[in-house]
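S.K.:
Protein chains: 2
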Amino acid sequence: MIKRGVAVATLVGALLGAGVVLAGPSAVGERAFDAVDPFIGTGGEGHTYPGATVPFGMVQLSPDTRIQPRENGYDWAAGYRYEDETIVGFSHTHFSGTGHSDLGDFLVMPFTGDPGIERGDPDVPRSGYTSRYDHDTEHAEPGYYAVTLDDYRVRAELTTSARTGVHRYAFPAGEEARVLLDLRTSMYDYPGKILWSRLRQRADGTVTGFRETRGWAPGRQLYFAMRFSRPIQGHAFHNTETDILYRGFTTPAHDTPTRRAQIEGRQLVGTFDFGVLDAPLIVTVAISPVSEAGAIANLDAEVADFDFDRVRTAAKQEWIEALSVLDIDAPESDRRSAYTALYHTLLGPTLFMDADGRYRGPDNAVHQAEGFNHYSTFSLWDTYRALHPLLTLVQPEARNADFINSLVAHQRHSPYGILPVWSFHGLETWTMIGYHAVPVIADAWLKGLRGFDADAALDAMIASATYPEYDGLEQYMELGWVPIDEEVEAASKTLEYAYGDWTLARMAEGMGRTEVARDFDRRAAFWRNAFDPRTGFMRAKNRDGSFREPFDPTASGYGTDYTEGNAWQYSWYVPHDIAGLVDAHGGADALLAKLDEVFEADVDESIFDHMEDIVGLIGWYAHGNEPSHHVAYLYAHAGQPWRTQSRLKTIMDTQYADRPDGLAGNDDLGQMSAWYLFTALGFYPVAPGSGEYVIGRPFLPRASLHLPNGETFTIVAEGLDQGHGYIASATLNGQPLNRTFLRHDEIVAGGELRFVMQAEPNRAWPGEGAEAPYSLSTQ
Amino acid sequence: MIKRGVAVATLVGALLGAGVVLAGPSAVGERAFDAVDPFIGTGGEGHTYPGATVPFGMVQLSPDTRIQPRENGYDWAAGYRYEDETIVGFSHTHFSGTGHSDLGDFLVMPFTGDPGIERGDPDVPRSGYTSRYDHDTEHAEPGYYAVTLDDYRVRAELTTSARTGVHRYAFPAGEEARVLLDLRTSMYDYPGKILWSRLRQRADGTVTGFRETRGWAPGRQLYFAMRFSRPIQGHAFHNTETDILYRGFTTPAHDTPTRRAQIEGRQLVGTFDFGVLDAPLIVTVAISPVSEAGAIANLDAEVADFDFDRVRTAAKQEWIEALSVLDIDAPESDRRSAYTALYHTLLGPTLFMDADGRYRGPDNAVHQAEGFNHYSTFSLWDTYRALHPLLTLVQPEARNADFINSLVAHQRHSPYGILPVWSFHGLETWTMIGYHAVPVIADAWLKGLRGFDADAALDAMIASATYPEYDGLEQYMELGWVPIDEEVEAASKTLEYAYGDWTLARMAEGMGRTEVARDFDRRAAFWRNAFDPRTGFMRAKNRDGSFREPFDPTASGYGTDYTEGNAWQYSWYVPHDIAGLVDAHGGADALLAKLDEVFEADVDESIFDHMEDIVGLIGWYAHGNEPSHHVAYLYAHAGQPWRTQSRLKTIMDTQYADRPDGLAGNDDLGQMSAWYLFTALGFYPVAPGSGEYVIGRPFLPRASLHLPNGETFTIVAEGLDQGHGYIASATLNGQPLNRTFLRHDEIVAGGELRFVMQAEPNRAWPGEGAEAPYSLSTQ
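From first to last, the protein sequence lines are chains A and B.
First residue of the first sequence? That's 1 in our numbering, and the numbers climb one at a time after it.
First residue of the second sequence? That's 1001 in our numbering, and the numbers climb one at a time after it.
#1: Distance check for T1313/B and T1284/B, CA to CA, integer angstroms please.
#2: Reducing DSSP to helix, strand and coil, say where H1623/B ends up.
#3: Got a sec? Which residues, its chain only, sit under 7 angstroms from Q1640/B by beta carbon, not counting five neighbours each side?
#4: So is R336/A buried or exposed if we call it buried at 16+ other beta carbons inside 10 Å?
#5: What residues in the stretch 1321-1341 of chain B bring their beta carbon closer than 8 angstroms to a beta carbon of chain A?
#6: Starting from W430/A, find everything on chain B with Cβ-Cβ shorter than 9 angstroms and list it in chain order.
#7: I want to know whether the stretch 394-403 of chain A touches the stretch 444-461 of chain A - three or more CB-CB distances under 8 angstroms.
#8: Suppose you measure from the CA of G1670/B to the CA of G294/A; what does that come to, to the nearest Å?
#9: Out of curiosity, what's the CA-to-CA distance linking R1211/B and Y1188/B?
#10: Within 10 angstroms of the Cβ of G472/A, are there 16 or more other Cβ atoms? Answer buried if so, exposed if not.
#11: Three-state secondary structure (DSSP) at E176/A?
#12: On the CB-based measure, 16 or more other CB atoms within 10 Å of its CB, does G1348/B come out buried or exposed?
#13: From the DSSP output, in three-state form, read off S646/A for me.
#14: When the Cα of R1066/B is compared with those of I1087/B, Y1049/B and G1051/B, which residue comes out closest?
#15: In chain D, which residues lie less than 7 angstroms from L1380/B when you measure between Cβ atoms?
#16: Below 8 angstroms CB to CB, which residues in the same chain sit around L22/A once its five sequence neighbours on both sides are set aside?
#17: When DSSP labels each residue in this structure, what does H235/A get in the three-state scheme?
#18: Beta strand (DSSP E) containing H1139/B: first to last residue?
#19: Quick one: list the residues of chain A neighbouring L1245/B, beta-carbon separation under 7 angstroms, in chain order.
#20: Using a threshold of 6 angstroms, is the CB atom of G1586/B nearer than that to any non-hydrogen atom of the ligand COA?
#21: With a 10 Å radius around its C-beta and 16 neighbouring C-beta atoms as the bar for buried, classify D1136/B as buried or exposed.
#22: Looking at C-beta atoms only, is the number of pairs between the stretch 511-521 of chain A and the stretch 591-605 of chain A that lie closer than 8 angstroms three or more?
#23: Is DSSP giving R1702/B helix, strand or coil here?
#24: Excluding five sequence neighbours on each side, which residues of the same chain lie with their C-beta closer than 6 angstroms to the C-beta of G165/A?
#25: Just grab the DSSP bridge partners of M109/A for me.
#26: Below 8 angstroms, how does it come out for the stretch 376-383 of chain A and the stretch 423-441 of chain A: are there three or more Cβ pairs, yes or no?
#27: Listing by chain order, which chain B residues have their CB less than 7 angstroms from the CB of L195/A?
#28: Among the residues of its own chain, which have a CB less than 6 angstroms from the CB of T1148/B, if the five just before and after it don't count?
#29: If I'm right that L1342/B touches L1323/B with Cβ under 8 angstroms, what's the distance once you round it to whole angstroms?
#30: For a cutoff of 7 angstroms on Cβ pairs, would you count Q1655/B as touching chain A?
#31: Am I right that E1771/B and R1743/B are in contact with their C-beta atoms under 8 angstroms? What's the rounded C-beta distance?
#32: Looking only at C-alpha atoms, which of A1505/B, F1531/B, Y1470/B and L1479/B sits nearest to L1495/B?
#33: Between the alpha carbons of I1244/B and E1264/B, how many angstroms are there, rounded?
#34: Just the C-alpha distance for D37/A and V694/A, rounded to the nearest angstrom, thanks.
#35: Per DSSP, which residues does H1724/B bridge with? Please list them.
#36: Checking 7 angstroms against the spacing of the C-beta atoms, do A1162/B and G1057/B come in under that value?
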């Protein structure tokens, strides 16, 4: 029932047929580019979008299939669902893989005839300007998307540069070309979301405007500038707000579109008429966080003309270069999954800065980036785990330094003086818990990344870890735990703070700031205050030191001890001290038994019906959400790496597939994809900050990482196939590797990691007395 | 029942008692300063405010006695009504004398105890934070206001610099000092007016924030920075909005004040605690149109310390200098009225620009003023008549040039490409009709004002007079009149466009742009298309050229032929062509008879109950609104100047008084006061652009204008008293003046205009064959 395979084949054919001549691309990158399928994740709960963007681009120009109200919006977090049969329009900002959502700014729809200015009911054809489409007409590749809007017989193509979306609309011959711009729509729609907006037609034909929304981020402002390749022959600006208590003299009545050059209000739509055209209409739309003038300057800087093909080719070149870091030999399906995963890890954080370096910060004020490019959209609770470690390996140092500089700039401009928790478009959303910008920065610095002011960064980390007004942190500092009688989800918070503290201590130690290191090493052991030896679970304590009763290890969600999880899922959250956890449980056997309980429990999935994000269940293990992501690797810490290998195969087989519904849960700005990539390569960063990757098992016969430093690190899996999934032996650069982890410096030095695979578990590797993966063993 | 006299006496005593030493003030200015009574106009319908400001200052810091909903807000347009017995707080922006209203930004209230964060019912003592006060404790002088808040026994004093309000609060001994900042209140309050707002406490103790409102002006943003002379010991930020459909993760619940450093939302209040103080608390609040950083910079530039007395003294010095342009010998009551009128003419336009020259324009974007100071608040339909002509005489050329440069800058940044219609805080409100920036610029240029780019200004004027989307202008250009079947209030619009066109033609002519002059001279005669010779009234035509029927010359208001008036009031609106009007009526006698009908009609005032602005009735003559303002002078054009003299006495006696309810109608940013001043001096600019002032009669025994060019022009009225109000004879510089007008260049040359007054009308002056005041005599 899913036609994506056909679509991709068609797409590749079309691309080759178009005879695009690429200037000096690497063959690896071209093959990688061809393997990416942007539809993966657009069905099910992946929440990815299929539209056009460049790596880490500010514009994500993509079709929206439905505009859903917030209460029913979860499935439409990225605007597009593969299951839908209609397209509302093409908007310029999208998240890739979020649970919570927003964006969908500046929705553009080409049309013919007079469908009106309301989008209508997607289930009722021609009830509004929404159009039907067929997947057979759809093409998607990195940086390019095309579809035919059946109701108007308009062929629509999309491509982008960093800040500019470019649309090419071919209208049916003889019909009048029209374009609608709807400032009312967004992901997670609800009445009152649009605080203010503006539409302006300038004398030179440029259309500019802005909107300010109270969605996921408070008071978010975004500006745009839009140009058409043909003169506007007429325009009408509408304000469809009906409940305006006071119109002043500036707000036209509901039923009175204006031909004046500007309109302001909260429910604005503009339509633009072009008459009958003899060539496709090109529409260029640049966005800006700063101002309409900023958007115009971005447009001038990036796409001053209307050369769609040039922009598309440039986007393709960017993708080829970005994707060429990984050279994979594997069956086509695995290559498709792996390169699409790589593609998904290169979508965020996203650029958030005008061409002149100005951006809007968490104080909603305009700042000038000095010496770095400013990025936003930091889904840190998710991405500190594997995405940022992956980007350290596959992206240039300068870009990784930009991410850190952006985090530190956020802290500098934050009204609260702290690093972002979950930020996008410069603004703090306070989503999820912890201060996971701390491990991102620490891990990068400890891996040798420079290009940012480490002292300022460490100070920013300390400020974030000591802001008393944040989520029970005052009590955590006072008591050693977050008290559940004063703060919700206290067990999760205590655990995540302790891990963050450990990473902070490591960086401080490395910088010679030993007093800071000592303070935070003390806090890193606070995870023990959440461990209940009686039940073997992590639990939340009251202020008086007693655990909260009654206790239900299956309970999850707001009001419980945990954040997006239950005791079964959160009790493994001591990434920095698995040895301590083993001890706390009374030894490896107890831990292993409990791990098996996790994976083998017979769980009634309806227990999580109230928790949208807890999906992808294998027993209690929930691969669709991040707290589980390191758990399968813990067998290795407990001396049974073959159990990790076995669990990973189950996860890879059941949680990923190369089809639209091929992601088991939200991709979370690439974290799910980064997990896939690391795991496919054969190792995973269980504890960012440790400099180590725990070896699982490889899933690709051969893969080479072309590292930013010019070295190449190749992983070979001899004898790998579906029936041979266990590691028989491993060598690193020809020498036996008798441990279950790799060090970061071993990878960046380049070389070859060679596995020999076998059909049965090999209990003899790495052997008795092998060095265990990193553990702090806090006491 | 009005205790103002007492208050003023107390005030003067307090001032003298304070022993303020003034550095080199002119004695004239000091006496003028002492004569000003800021309470005049704060009762009745004057809509002035009594608080502190500097000439044309950006901050108007004044008490608000009630916050009224928009539908009942007319009487509280300036926030304060003398009749009220409570004060809600002190806010930083106010209009002086408007009908429509807005502003009231950043309301601050000192308090003790715990009155809560709602303002309560002003009629129920202690039902909220609103406090009672007594006029006996009130002092007001230019740049300073003081009152005692009885409910808290707090002595509150206010003063300002250009962009900064300074508060001094003396709390009762031993009580904890607290201050509330309410971002919810404004003039013309209504649900949903606050689009967005922010409150932030910075690490250095500065409190900043902004709010964005949809009031009279769309999407108006204003920022502030606030400092306290003592450390904040604690703060609480509240969001009292209850109907938030979606809070995201950023909006605290209604009942949960936050101690975090920032809050955003639509209904914000902050409270700040200072503990028990041993000295008054000084609060400094700077505003900015640009950003919080701009407000901080303004505060640093203007009031970096907490020296209340220094700021007060500087404000007083500014006022003494500004008021010293007029030296009046007259009875105390007349001096009080005249100097207060002068004071009221120096309140607007208001500075709207940060210390670094940045401001927000009609596109809501930030611009940099290059070579001029940017002003806004242009109530042009009112102020082109007499206020701007007065300012040309009493303000430095540079300031007048700033006004013109600000108008032209507005046009340059206008989305519509036109000069302001009615603008404030940079934004277009589309209030009233016409394009009366045109006569303001033309009159100033024709009077020799330079310091602006005349070609750019003329182009801006032409653009404004030809924008087809504006109020029937497209049809006016096509037909020669605004058709009432397509556009409301068409007669008034036709007439006002024609006058504006005439002024544009005069300036074009003066600049040698003869083709432009010819085009607009043709349009200047379009007033004839509104004249109905059958009824002798100005009326609105349909597109087909017929007058709209039925016709009721008493009908006024929306939907009629007229704007804020009826046929009796609007039929005199040909300021540039009274001779033509005389002709159209069939001669002077017919016109005189109709003029008498205007003043002597027996009018049931309830006919205007639906029109708030039509007040101050003498027959149909409505002095409280501007369309009547030139009418009494028209007898002079028709050869009976003694009738003008008689009518003026009636108007002066009945429409002005030196008490709070002493203004018959809204002061309209100084237009009512400018009428008073010109008329008191003895002449009035019936047709700005003509370079002439029509002589009425003097009301002051002696008055000297110290002109910006250094010359002095003195008007002497020999024998003037209540019983001697007619001109017997006039001399200019000793030579007989046998005409009923003065030329502008005669005034600016300096000299003496001397009248001899007599008890009875003198029908022999200026005599047969005397030159008549300016008339175009369009044909």
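Every residue gets a Cβ at the ideal spot worked out from N, C-alpha and C, and that includes glycine.
M.R.: The short version:
#1: Spanning the two alpha carbons is a distance of roughly 16 angstroms.
#2: Coil at H1623/B, not helix or strand.
#3: Within its own chain, the residues whose Cβ lies closer than 7 angstroms to the Cβ of Q1640/B, once the five positions on either side in sequence are excluded, are L1592, listed in chain order.
#4: The residue in question, R336/A, is buried, as its Cβ has 16 or more Cβ neighbours within 10 Å.
#5: Per Cβ criterion, the list is empty.
#6: Within chain B, the residues G1248, F1249 and T1250 have their CB atoms less than 9 angstroms from the CB of W430/A, given in chain order.
#7: These segments touch.
#8: Take the alpha-carbon of G1670/B and the one of G294/A: they are about 39 angstroms apart.
#9: Answer to the nearest angstrom: the Cα atoms are 15 angstroms apart.
#10: By the 10 Å Cβ count, G472/A comes out buried.
#11: Annotated three-state conformation of E176/A is strand, per DSSP.
#12: In the assembly as shown, G1348/B is a buried residue. Its beta-carbon has 16 or more other beta-carbons within 10 Å.
#13: For S646/A, the secondary structure class from DSSP, reduced to helix, strand or coil, is helix.
#14: From the listed residues I1087/B, Y1049/B and G1051/B, the smallest Cα separation to R1066/B is found for I1087/B.
#15: Among the protein chains in the structure shown, which are A and B, there is no chain D.
#16: In this prediction, L22/A has a pLDDT of 39, which is less than 50 and means its spatial position is unreliable; what the coordinates show is noted afterwards. Scanning its chain for C-beta atoms nearer than 8 angstroms, with the 5 sequence neighbours on each side dropped, one finds around L22/A the residues E30, T313, K316, Q317 and I320, in chain order.
#17: Residue state, collapsed to three classes: strand.
#18: That run of the beta strand (DSSP E) goes H1139 to E1141.
#19: Ordered by position in chain A, the residues that pass the 7 angstroms Cβ test against L1245/B are Y190, P191 and G192.
#20: Absence of the ligand COA is noted for the structure shown, with no ligands found whatsoever.
#21: So D1136/B ends up on the exposed side.
#22: Counting Cβ pairs under 8 angstroms, fewer than three are found: no touch.
#23: The answer is strand: DSSP assigns R1702/B an E or B state.
#24: The beta carbon of G165/A lies closer than 6 angstroms to those of V59, L61, H92 and V285 in the same chain, with the five residues before and after it left out.
#25: Beta-bridge pairing links M109/A to L180/A.
#26: In short, these stretches touch, since the Cβ pair count reaches three.
#27: Near L195/A (Cβ distances below 7 angstroms), the residues of chain B are L1195 and W1196.
#28: Once the five neighbours on either side are set aside, the close Cβ partners of T1148/B are T1137 and R1155.
#29: A Cβ-Cβ distance of about 6 angstroms is found for the pair L1342/B and L1323/B, placing them in contact under the 8 angstroms criterion.
#30: No - not a single Cβ of chain A is within 7 angstroms of the one on Q1655/B.
#31: Not quite, the Cβ-Cβ distance comes to about 11 angstroms (not below 8 angstroms), so this is no contact.
#32: When C-alpha distances from L1495/B are compared across A1505/B, F1531/B, Y1470/B and L1479/B, the shortest belongs to F1531/B.
#33: Distance from the CA atom of I1244/B to the CA atom of E1264/B, rounded to whole angstroms, is 13 angstroms.
#34: Rounded to whole angstroms, D37/A to V694/A spans 29 angstroms at the Cα level.
#35: Answer is D1721/B, bridged to H1724/B.
#36: Cβ atoms of A1162/B and G1057/B: closer than 7 angstroms.
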